[in-house]
Every structure is written in C-alpha cells, then in structure tokens.
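Undergrad: Encoded as structure tokens, here's the structure I'll be asking about.
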Amino acid sequence: NGERFDCGSKAGFLQATIAFGLSRDDLRDELMDYLQAVTHTDKAAQ
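In the working numbering, each number is its position in the sequence shown, counted from 1, plus 2.
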C-alpha cells in the first residue's frame, strides 16, 4: 500500500528520501522548514 519510487534515478532517490522524512513525526517540521526556505530562495533568484 506504500508509494514506489525509482531509486535507480537520482530524482527518484531524492523523492523517496523526502517522502520518508515527511512521513515521520520527528522529522517533518524541520524538513518542511528547510524545503520552504530552499524553494523560496530558488524562486526569488529566478
């Protein structure tokens, strides 16, 4: 019943790692803060 990721590709590996982090209560908040900061910075640079 879980999600599948193509960990043979770099993007798939990152997607799996992020999904894992977001699924954990002890990691979710810190990971979300990081992802928001990184995506906000990238959009501002464009």
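We treat Cβ as the ideally placed atom computed from N, Cα and C, and that holds for glycine. All of these numbers come straight from a predicted model, not from anything done at the bench.
1) To the nearest angstrom, how far is the alpha carbon of residue 7 from that of residue 24?
2) Can you check whether the CB of residue 21 is closer than 8 Å to the CB of residue 5?
3) Could you give the residue range of the alpha helix (DSSP H) that holds residue 15?
4) Please return the same chain residues whose Cβ sits closer than 7 Å to the Cβ of residue 41, not counting the five positions on each side in sequence.
TA: With the structure as the only source:
1) The straight-line gap from Cα to Cα measures roughly 15 Å.
2) Cβ atoms of residue 5 and residue 21: closer than 8 Å.
3) Counting along the chain, the alpha helix (DSSP H) containing residue 15 begins and ends at 12–25.
4) So no residue of the chain qualifies.
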